[in-house]
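Asks:
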Amino acid sequence: MRRMLAIVVVICLLAGCESDERILEQMALVQTSAYDLLENNKIRVLSSIPVIEPDSDVQRQLLTAENDSIKEARLIFSRETDLTVVSGQMRNTLFGISIAKAGLARYIDTLLRDPSIALGVKVTVVNGGAGELLSKNYKSHLDTGRYIDHLLEKEASVNSIPKATLYEFSRDYNDDGVDPVAPMVKDAGEKATIDGIALFNKDRYVMRIPARNGLIFALMKNNLKQGEIALNMGEVEGRKLVVMFSSLLSKRKVKVHHLEGERFSADIHVNVRGSILEYTGQEDLTDTDQRKKLEEDIAAHVTARAEKMIQDMQRNKVDSLGIGQYVRNSLSYKRWKATEWKDVYPRVKINCRVKVKIKDYGKYI
Numbered sequence: 001m002r003r004m005l006a007i008v009v010v011i012c013l014l015a016g017c018e019s020d021e022r023i024l025e026q027m028a029l030v031q032t033s034a035y036d037l038l039e040n041n042k043i044r045v046l047s048s049i050p051v052i053e054p055d056s057d058v059q060r061q062l063l064t065a066e067n068d069s070i071k072e073a074r075l076i077f078s079r080e081t082d083l084t085v086v087s088g089q090m091r092n093t094l095f096g097i098s099i100a101k102a103g104l105a106r107y108i109d110t111l112l113r114d115p116s117i118a119l120g121v122k123v124t125v126v127n128g129g130a131g132e133l134l135s136k137n138y139k140s141h142l143d144t145g146r147y148i149d150h151l152l153e154k155e156a157s158v159n160s161i162p163k164a165t166l167y168e169f170s171r172d173y174n175d176d177g178v179d180p181v182a183p184m185v186k187d188a189g190e191k192a193t194i195d196g197i198a199l200f201n202k203d204r205y206v207m208r209i210p211a212r213n214g215l216i217f218a219l220m221k222n223n224l225k226q227g228e229i230a231l232n233m234g235e236v237e238g239r240k241l242v243v244m245f246s247s248l249l250s251k252r253k254v255k256v257h258h259l260e261g262e263r264f265s266a267d268i269h270v271n272v273r274g275s276i277l278e279y280t281g282q283e284d285l286t287d288t289d290q291r292k293k294l295e296e297d298i299a300a301h302v303t304a305r306a307e308k309m310i311q312d313m314q315r316n317k318v319d320s321l322g323i324g325q326y327v328r329n330s331l332s333y334k335r336w337k338a339t340e341w342k343d344v345y346p347r348v349k350i351n352c353r354v355k356v357k358i359k360d361y362g363k364y365i
């Protein structure tokens with residue numbers, strides 16, 4: 001009797017497994033999706049799906065739909081392919097500049113509500129049409145979606161762009177002391193390229209930090225364990241003075257000061273250590289005094305660029321550095337709630353205090 005019962009249980013379990021069977025070749029694994037807002041306020045969704053068949057000459061399949069919601073697109077996709085469309089392998093979401101300016105909150109929220117989509121899926125803004133970028137074929141890259149994903153991973157690893165995911169965007173959007181950010185890419189003809197950092201006022205794209213200032217932004221926002229930057233520090237006797245700073249380590253602290261009335265000031269203290277890979281100036285780096293002067297010149301250069309960047313952010317009312325979080329932590333809950341931070345923030349005096357230490361400079365002949 002027990003033996004018969006065991007056989008029945010095993011048969012039921014096997015039957016259950018068979019009903020949930022998913023064959024890889026029968027699934028459309030969405031890896032990258034692009035979203036654009038059209039003039040009629042409809043949304044164009046384009047998704048890239050890798051072709052798994054080994055004998056196929058095609059590396060990917062593109063599915064597109066125009067409708068009122070991004071979830072409705074999945075139903076349309078199902079009618080366009082004989083495969084089962086699934087989102088569990090999604091790595092990146094590309095939002096065109098038009099939809100980013102209108103606001104991303106509702107779309108991010110919709111994606112987060114899908115249990116099959118991971119919280120770590122990237123959020124990327126395209127300076128142009130997202131669908132146009134994703135649908136383009138680049139000679140050196142068979143899968144454009146994967147190419148862009150690897151490009152973002154590489155640049156984020158050296159802190160030239162921030163890491164932005166569905167979770168991080170939603171977290172910052174719902175935090176009244178900081179605004180979300182996202183990397184920005186664009187089509188550059190024969191290649192895709194990083195176009196800087198997209199800054200948001202709440203969920204609406206407002207301004208861009210140019211790619212050349214990506215690491216300056218990172219120094220003001222986070223502690224860094226890696227990074228490199230080329231600093232063009234003007235000219236000396238008609239020759240450009242360039243410093244290539246690498247292997248950067250930095251620590252950042254923010255101190256808030258209360259002034260009279262509803263006014264504040266904030267000091268961003270940044271200590272930077274790094275290696276000189278290239279230097280076209282005249283200072284002898286083996287000389288302690290001359291090396292110290294170069295450190296001071298680099299610090300002054302970084303400070304000037306950072307303060308100009310922050311002034312641009314204040315004019316656009318984007319608190320991407322999270323100064324509001326530090327002000328909030330210095331106030332009582334009641335006083336913070338009575339503070340209209342978006343109106344106060346542009347009037348905050350923000351000072352950058354940068355110190356630079358050259359830890360090594362190689363051998364100079």
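Residue numbers for the sequence shown follow full-length UniProt numbering, so the first one is 1 and each next one is one higher. Ideal Cβ positions, reconstructed from N, Cα and C, are used throughout, including at glycine. Quick caveat, the model's predicted, so the values are computed rather than measured.
(1) Can you pull the DSSP bridge partners for D289?
(2) Let me make sure I understand the geometry here. Which of E132, I117, K225 has the alpha-carbon closest to that of G96?
(3) Candidates D187, S275, D175, K349: which alpha carbon is nearest E260's?
(4) Exposed or buried, which one is S33 when buried takes at least 16 other CB atoms within 10 Å?
(5) Assuming M49 and Q61 make a contact with CB atoms under 8 Å, what is their CB distance in whole Å?
(6) Where N271 and L248 are concerned, what is the direct C-alpha to C-alpha distance, given to the nearest angstrom?
(7) When you compare the CB positions of V123 and T93, do they come within less than 8 Å of one another, or not?
(8) Just verifying my parser: in three-state terms, what is the DSSP assignment at E21?
(9) Would E21 be called buried (16 or more neighbouring beta carbons within 10 Å of its own) or exposed?
(10) What would DSSP say about L111, mapped onto helix, strand or coil?
(11) According to the neighbour-count rule (16 or more other Cβ atoms, all chains shown, within 10 Å of its Cβ), is Y205 buried or exposed?
(12) Taking only three categories from DSSP, how would you classify M313?
(13) Using a Cβ-Cβ cutoff of less than 6 Å, which residues in the same chain neighbour L321 once the five nearest sequence positions on both sides are dropped?
(14) Taking the straight line between their C-alpha atoms, what separation do you get for Y279 and Q290?
(15) Mark N213 as exposed unless 16 or more other C-beta atoms lie within 10 angstroms of its C-beta, in which case mark it buried.
Replies: Here's the rundown:
(1) For D289, which the question treats as bridged, DSSP gives no partner whatsoever.
(2) When each option's Cα is compared against that of G96, the closest is E132.
(3) The shortest C-alpha separation from E260 is found at K349.
(4) Burial call: buried.
(5) Per the sequence shown, residue 49 should be read as Ile rather than Met. In this structure, I49 and Q61 form a Cβ contact; the two beta carbons are roughly 5 Å apart against a cut-off of 8 Å.
(6) Near 10 Å, if we compare the C-alpha coordinates of L248 and N271.
(7) Judged by their CB atoms, V123 and T93 are nearer to each other than the 8 Å cut-off.
(8) Because the pLDDT at E21 is just 48, under 50, the model does not fix this residue reliably, and the point stays unresolved.
(9) Because the pLDDT at E21 is just 48, under 50, the model does not fix this residue reliably, and the value given afterwards should be weighed accordingly. It is exposed - the Cβ of E21 has fewer than 16 other Cβ atoms within 10 Å.
(10) Under the three-state reduction of DSSP output, L111 falls in the helix class.
(11) Buried, since its Cβ has 16 or more Cβ neighbours within 10 Å.
(12) Secondary structure of M313 (DSSP, three-state): helix.
(13) Here the set comprises M220, K221.
(14) Using only the alpha carbons, I get a separation of about 13 Å.
(15) Buried, because 16 or more other Cβ atoms sit within 10 Å of the Cβ of N213.
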